[in-house]
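Everything below concerns the one structure shown next.
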């Protein structure tokens, strides 16, 4: 339908539609006709094998075209008003109709800056049919009643299939990837990532974790601001921020109650308020253990499993105490037997056997109390523990728990994915 733009833009649109596989009727407003004819002849557009020129289209034929068109594209008010009476799909280009009420048959491409964006809109709208003369389709006006009264015979009868509620009627929203900003506060590094709905880490940022509270908060906000800026370039819509941190956390308040010794000056810290105030986004906070389980539930082995247990194997406070205990025993034994085995060999033997046994017994206690259907081992040592822990469960657990399967996590970034899942799974998050 008519495009109220400059001659230069008119010519660019001609080049675009010449490459389109379906027949296109291009209407030109009267004020540009003479200049368009001159430029078209100069550029040889009239010689294009698929080009045909029509001097004038009678009004009655124009209404039939509106009724029967596979799609209308342009920026005229006809597309956002009369086309709704016929259920014709419309692509509204630019911002000329901003502020006007439009129906569900109108898809907005406010920033039509690339051919790919327009082609994508055509793929979504061309040939689609919306219910005609429906209060959900357009705002009823006097002109619509006039159209229906005089041209009722042009209306087609359709058997409409169910039309899904559109997520958005703006092409920019459709093409954007809904994502979350994930923060992982580790003892060594501070990491921020943009994570999409499918669990893909679109971009990740890593910096050494500062030792003081002020420096740490400053770095968190800076990294988040940089990520938000990059998200625009990556066409990612950030829905919120999820934070994974070590220690005890009050997730309802977004407060770190008490952190591990690896993260200094990190007790009684309100994380939600400063991040939310700076980024103007909702913020969720939880400890790294819970985040690992959330990651498994959404993206890993826990997906579709009603109840499971995730055990983190790494260098956290509890794991560190266990490792230090066995390391002391091994060193003491090595002093007595230094003439037989190397110290490193003794450490490996004792640590592997004793730690696996202790971990297996601990998991058995969890199985007897919680009765999950699956155990997931996560962390850098998970692959070393999986077989010994499975064997210990089959030997020592109650008969009803001996068949419970132990698997290792396939997720490379459980903390970041778990932090992101708190945002992506929130039922009432803002989409637009």
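Numbering (full-length UniProt numbering), first residue to last: 1 to 432.
By construction, the Cβ of each residue, glycine as well, lies at the ideal position given by its N, Cα and C atoms.
Residues near residue i in its chain [Cβ-Cβ closer than 8 Å; skip 5 each side]
| i | result |
| --- | --- |
| residue 234 | 177, 194, 202, 203 |
| residue 187 | 209, 246, 260, 262, 263, 315 |
| residue 224 | 181, 183, 192, 241, 275, 278, 279 |
| residue 389 | 356, 359, 360, 363, 375, 377, 406 |
| residue 257 | 247, 248, 249, 250, 267, 268 |
| residue 253 | 270, 272 |
Residue range of the beta strand (DSSP E) that includes residue i
| i | result |
| --- | --- |
| residue 258 | 255 to 258 |
| residue 179 | 177 to 185 |
| residue 65 | No beta strand (DSSP E) contains residue 65, which is instead part of the alpha helix (DSSP H) from 59 to 68. |
| residue 203 | 201 to 208 |
| residue 378 | 374 to 379 |
| residue 239 | 236 to 245 |
| residue 91 | 90 to 93 |
| residue 105 | No beta strand (DSSP E) holds residue 105; DSSP gives it neither H nor E. |
| residue 313 | 309 to 313 |
| residue 189 | 189 to 196 |
Nearest-angstrom Cα separation, counted from residue j out to residue i
| i | j | result |
| --- | --- | --- |
| residue 237 | residue 227 | 11 Å |
| residue 385 | residue 248 | 26 Å |
| residue 24 | residue 127 | 13 Å |
| residue 355 | residue 196 | 37 Å |
| residue 59 | residue 84 | 18 Å |
| residue 61 | residue 67 | 10 Å |
| residue 419 | residue 408 | 20 Å |
| residue 91 | residue 212 | 53 Å |
| residue 437 | residue 95 | Given a span of 1 to 432 for the chain in the structure shown, any question on residue 437 remains unanswerable. |
| residue 200 | residue 296 | 14 Å |
| residue 156 | residue 70 | Its pLDDT being 47, under 50, residue 156 is placed unreliably in this model, and the value from its coordinates should be taken loosely. C-alpha separation (whole angstroms): 13 Å. |
| residue 80 | residue 230 | 34 Å |
| residue 232 | residue 179 | 11 Å |
| residue 121 | residue 104 | 14 Å |
| residue 51 | residue 198 | 44 Å |
| residue 35 | residue 115 | 24 Å |
Start-to-end residues for the alpha helix (DSSP H) that takes in residue i
| i | result |
| --- | --- |
| residue 225 | 213 to 233 |
| residue 80 | 77 to 80 |
| residue 120 | 115 to 125 |
| residue 279 | 272 to 279 |
| residue 294 | 288 to 299 |
Own chain residues within Cβ distance below 6 Å of residue i, not counting five before or after
| i | result |
| --- | --- |
| residue 281 | 240, 241 |
| residue 221 | 278 |
| residue 191 | 184, 206 |
| residue 291 | 244, 415, 418, 419 |
| residue 412 | none |
| residue 298 | 421 |
| residue 110 | 95 |
| residue 402 | 394 |
| residue 383 | 408 |
Beta carbon proximity, residue i to chain B, threshold 8 Å
| i | result |
| --- | --- |
| residue 360 | Checking the listed chains, one finds no chain B in this structure; it contains a single protein chain. |
Own chain, CB closer than 7 Å to residue i, minus 5 neighbours either side, in chain order
| i | result |
| --- | --- |
| residue 400 | none |
| residue 97 | 75, 77, 80 |
Are there three or more Cβ pairs, one per stretch, closer than 8 Å when the region 364 to 379 is compared with the region 307 to 314?
These segments touch.
Between the region 272 to 279 and the region 226 to 245, do at least 3 Cβ pairs fall closer than 8 Å?
A contact between stretches requires three or more CB pairs, one per stretch, nearer than 8 Å, and the region 272 to 279 meets this requirement with the region 226 to 245.
Stretch-stretch touch, CB-based, cutoff 8 Å, three pairs: the region 419 to 426 with the region 282 to 289
Taking a cut-off of 8 Å for Cβ pairs, the region 419 to 426 and the region 282 to 289 touch, as three or more such pairs fall below it.
Meets three-Cβ-pair contact criterion under 8 Å: the region 393 to 402 and the region 355 to 364:
These segments touch.
Considering only residues of the region 377 to 425, which uninterrupted beta strand (DSSP E) runs meet the minimum length of 3 residues and lie entirely inside it, listed in chain order?
Within the region 377 to 425, the beta strand (DSSP E) runs of at least 3 residues that lie entirely inside it are, in chain order, 405 to 408.
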